Amino acid sequence: MKKTKRNLGNLYIALIFIFMYAPIVMLIIQSFNASKSRGRWGGFTTFWYQELFQNESIMEAFTNTIILAILSAAIAVVIGTAAAIALARMKKRPRQTWLGITNIPMLNADIVTGVALMLLFTTVNVQLGFGTVLLSHVTFNIPYVILNIMPRFRELPPHIYEAAQDLGAGPIEAFFKVIFPEILPGVISGGLMAFTMSIDDFIITYFTTGSGYNTLSTKIYAEVKLGIKPEIYALSSIIFVTVLILLILLSRSGSKGRKMVKEVAL
Amino acid sequence: MKNNRRANSFALFGMPYYFWAIAFIIIPLLLVLYYGLTSEAGTISLENVFAIARPAHAKALFLSVLLSVGCTVVCLLLAYPLCLIMVNRQKAQNSFLLFMLIIPMWMNFMLRTYAWQSLLEKHGVLNTFLNTIGLPSLHLINTPGAIIFGMVYDFLPFMILPIYNALQKIDPNLIHAAHDLGAGFWQTLWKVILPLSMPGIISGITMVFVPGLTTFVISALLGGGKVLLIGNVIEQEFTQAYDWHLGSGLSLVLLLFIVINMILSSVFDREGNGGLL
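So the sequences go chain by chain: A and B. Residue 287, in our numbering, is where the first sequence stops; the numbers in between run on with no holes. Residue 268, in our numbering, is where the second sequence stops; the numbers in between run on with no holes.
Here it is as structure tokens:
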């Protein structure tokens, strides 16, 4: 009786996982399909993987995506960390107001955020493109940084910074030796989250980009109507397998790595 | 005196963010409000908000609400048993399962959704499979059913994670106590486990409902352009018709739904311990 119950449980878990992985298996198979049409199997080939590196527009969209994610996460980390430091020392009322504002991009629908930013950029007459997309990504990244750092301050002893200064540290030294190491885990997880959010985003990029600047997401969306090039399948299979291997290696490298995996993954 | 100066220098740290938040969070939303509540001529009017009542728009909104409610219900019904099964297993096994559940998100979400086209198509993988085991074909692609399918696929993890977190926090002794006091499986589930996991359920619902209600990508990919959701209408107003006033007016209606959703979730989740962060 107990065994059948367990088996039923396993079956259920398996079904959910088949559901989650079916499209991924499909895409990976497609990347090795010699036939260009997705409905027909034309034999095994690695042609699309070679072709991928010759395809300038796809490679450009890929580097755009990575550069955008790194830059927007880095800017968000700097601004967000500074903001968290200020917010942590603020009185309760104004702090809650600012945290409320910080929550807006996370709770709002992406389409509304995207449309709102587009209205701003076109109203002040800025050329849509890399710059406007970067500003937008920083905007939705900062909240993740702030919200990852704030709990760290709550765990900090209340007058630790003053104590460090009383013991002879200068303000900068006191900050970097006492406060910064304590909030560093929050800074790192906030930064990683910002990075993944930026890579993942389509909707906000779509509304704030102009012609000529594509990330992988906007490139794929543009191609959907014409039929997706198999090179894209090859590229995303490479990305997927790389990330999978990286995360597995990280999670095997001890408790610190496991924690990081958890943070990146969520 | 010295303390004051310290406090002030810390306050300065926040300046870049305050500026950023005002410029890129507050002002853009005010612009939506401005465009939504004015007409082309620049006079204040509610016509663009009330435009939601036009048959085409009302139909799109109704369909969006219907599909996202459907998707939320299906996600809940799929996720809850899964989480119940998982919490009764060993922790190490679970963290592996959760890990495996998150991994798909690393494949571009649009490609994954697009892949369902090949799977759901008339002579696609699903129908071939159904036919081989002797079942009739399903006509799913380019129907609202396919869109619910895609939504469930995309948002299911957002339902699973908060529910799993909430279930994991329940003290097993409470469940033992319920059994000792004579409650059966269903009674324990209904009277003990379900109420205690409410914060997780509520935050799961919030996290699935809003993206479902506002999506335009999933309907574009799996609806074959035949199914218009309110997200598609707004997207077209901005990128094709260039009617910012109408687009903003309809966005305000969406915002209203989002705000109601937020208020409801904060009313039901008074302890504030739901959520992922």
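Don't be surprised by glycine CBs; every beta carbon is placed ideally from N, CA and C. A quick note: this is a predicted structure, and the numbers were derived from the prediction, not measured.
Is there a C-beta anywhere in chain A that falls below 8 Å from the one on residue i?
{"i": "residue 253/B", "result": "yes"}
{"i": "residue 12/B", "result": "yes"}
{"i": "residue 5/B", "result": "yes"}
{"i": "residue 103/B", "result": "yes"}
{"i": "residue 245/B", "result": "yes"}
{"i": "residue 258/B", "result": "no"}
{"i": "residue 91/B", "result": "yes"}
{"i": "residue 205/B", "result": "yes"}
{"i": "residue 242/B", "result": "yes"}
{"i": "residue 177/B", "result": "no"}
{"i": "residue 233/B", "result": "no"}
{"i": "residue 72/B", "result": "yes"}
{"i": "residue 22/B", "result": "yes"}
{"i": "residue 238/B", "result": "yes"}
{"i": "residue 16/B", "result": "yes"}
Have a look at the options and flag the residue whose alpha-carbon is nearest the alpha-carbon of residue i.
{"i": "residue 179/A", "options": "146/A, 203/A, 233/A", "result": "203/A"}
{"i": "residue 16/B", "options": "258/A, 121/A, 170/A", "result": "121/A"}
{"i": "residue 62/B", "options": "242/B, 149/B, 184/B", "result": "149/B"}
{"i": "residue 3/B", "options": "105/A, 231/A, 89/A, 41/A", "result": "105/A"}
{"i": "residue 19/B", "options": "72/A, 147/A, 134/A, 118/A", "result": "134/A"}
{"i": "residue 215/A", "options": "85/A, 43/A, 113/A, 127/A", "result": "127/A"}
{"i": "residue 149/A", "options": "226/A, 59/A, 166/A", "result": "226/A"}
{"i": "residue 52/B", "options": "101/B, 219/B, 32/B", "result": "219/B"}
{"i": "residue 161/A", "options": "192/A, 221/A, 72/A", "result": "221/A"}
{"i": "residue 20/A", "options": "188/A, 255/A, 193/A, 166/A", "result": "One cannot answer for residue 20/A here, as it falls past the ends of chain A, which runs 22 to 287."}
{"i": "residue 253/B", "options": "91/A, 124/A, 61/A, 43/A", "result": "124/A"}
{"i": "residue 134/B", "options": "187/B, 96/B, 112/B", "result": "112/B"}
{"i": "residue 208/B", "options": "47/B, 55/B, 1/B", "result": "55/B"}
{"i": "residue 25/B", "options": "258/B, 240/B, 245/B", "result": "240/B"}
{"i": "residue 26/A", "options": "131/B, 121/B, 75/B, 164/B", "result": "75/B"}
{"i": "residue 107/B", "options": "51/A, 132/A, 33/A, 80/A", "result": "51/A"}
{"i": "residue 193/B", "options": "66/B, 21/B, 27/B", "result": "66/B"}
{"i": "residue 249/A", "options": "69/A, 28/A, 32/A, 23/A", "result": "69/A"}
In the DSSP assignment, find the unbroken alpha helix (DSSP H) run with residue i in it and report its ends.
{"i": "residue 48/B", "result": "46 to 78"}
{"i": "residue 183/B", "result": "Unbroken run through residue 183/B: none, as it is neither H nor E."}
{"i": "residue 148/A", "result": "Looking at the DSSP string, residue 148/A is not in any alpha helix (DSSP H), and its letter there is neither H nor E."}
{"i": "residue 119/B", "result": "116 to 123"}
{"i": "residue 233/B", "result": "Per DSSP, residue 233/B belongs to no alpha helix (DSSP H) and is neither H nor E."}
{"i": "residue 234/A", "result": "No alpha helix (DSSP H) holds residue 234/A; DSSP gives it neither H nor E."}
{"i": "residue 104/B", "result": "100 to 111"}
{"i": "residue 58/A", "result": "Where residue 58/A is concerned, there is no enclosing alpha helix (DSSP H), given that its DSSP letter is neither H nor E."}
{"i": "residue 11/B", "result": "6 to 12"}
{"i": "residue 141/A", "result": "131 to 144"}
With 8 Å set as the bound, which would you pick, yes or no: does the beta-carbon of residue i sit closer than that to a beta-carbon of chain B?
{"i": "residue 101/A", "result": "yes"}
{"i": "residue 215/A", "result": "no"}
{"i": "residue 264/A", "result": "yes"}
{"i": "residue 33/A", "result": "yes"}
{"i": "residue 242/A", "result": "yes"}
{"i": "residue 181/A", "result": "no"}
{"i": "residue 136/A", "result": "yes"}
{"i": "residue 30/A", "result": "yes"}
{"i": "residue 237/A", "result": "yes"}
{"i": "residue 65/A", "result": "no"}
For a test of the three-state rule: what should DSSP assign to residue i, helix, strand or coil?
{"i": "residue 288/A", "result": "Because chain A in this structure spans residues 22 to 287, residue 288/A falls outside the shown range and cannot be described."}
{"i": "residue 266/B", "result": "Low per-residue confidence applies at residue 266/B: pLDDT is 43, beneath 50, and the placement is therefore not dependable, though the value from the model is reported in the following sentence. Here residue 266/B sits in coil by DSSP."}
{"i": "residue 53/A", "result": "coil"}
{"i": "residue 226/A", "result": "helix"}
{"i": "residue 65/A", "result": "strand"}
{"i": "residue 45/A", "result": "helix"}
{"i": "residue 249/A", "result": "coil"}
{"i": "residue 217/A", "result": "helix"}
{"i": "residue 132/B", "result": "coil"}
{"i": "residue 161/B", "result": "coil"}
{"i": "residue 206/B", "result": "coil"}
{"i": "residue 123/A", "result": "helix"}
{"i": "residue 34/B", "result": "coil"}
{"i": "residue 201/B", "result": "helix"}
{"i": "residue -7/B", "result": "Legend: pLDDT at residue -7/B = 47, less than 50; position of this residue unreliable, no value from coordinates given."}
Can you name the residues of chain E whose CB is closer than 7 Å to the CB of residue i?
{"i": "residue 261/A", "result": "Considering every chain present, this structure includes no chain E. Its protein chains are A and B."}
Open item on the list: By the 9 Å beta-carbon criterion, what residues does the segment 182 to 199 of chain B contribute toward chain A?
Closed with: 197
- [ ] Pull out every residue of the segment 42 to 54 of chain A whose Cβ sits closer than 7 Å to any Cβ of chain B, in chain order.
- [x] 42, 43, 44, 45, 47, 48
Open item on the list: Taking beta-carbon pairs under 7 Å, can you tell me which members of the segment 139 to 162 of chain A lie near chain B?
Closed with: 139, 140, 141, 144, 156, 160
TODO: Compile a chain-ordered list of the residues in the segment 73 to 106 of chain A whose CB is closer than 9 Å to at least one CB of chain B.
DONE: 99, 100, 101, 102, 103, 104, 105, 106
Open item on the list: Using a Cβ-Cβ cutoff of 9 Å, what residues of the segment 104 to 118 of chain B are near chain A? List them in chain order.
Closed with: 104, 105, 106, 107, 108, 109, 110, 112, 114, 115, 116, 117
- [ ] Below 8 Å between beta carbons is the criterion; list the residues of the segment 115 to 131 of chain A that meet it against any residue of chain B, in chain order.
- [x] 119, 122, 123, 125, 126, 128, 129, 130, 131
- [ ] Please list the residues of the segment 196 to 222 of chain A that have a C-beta atom closer than 8 Å to any C-beta atom in chain B, keeping them in chain order.
- [x] 221
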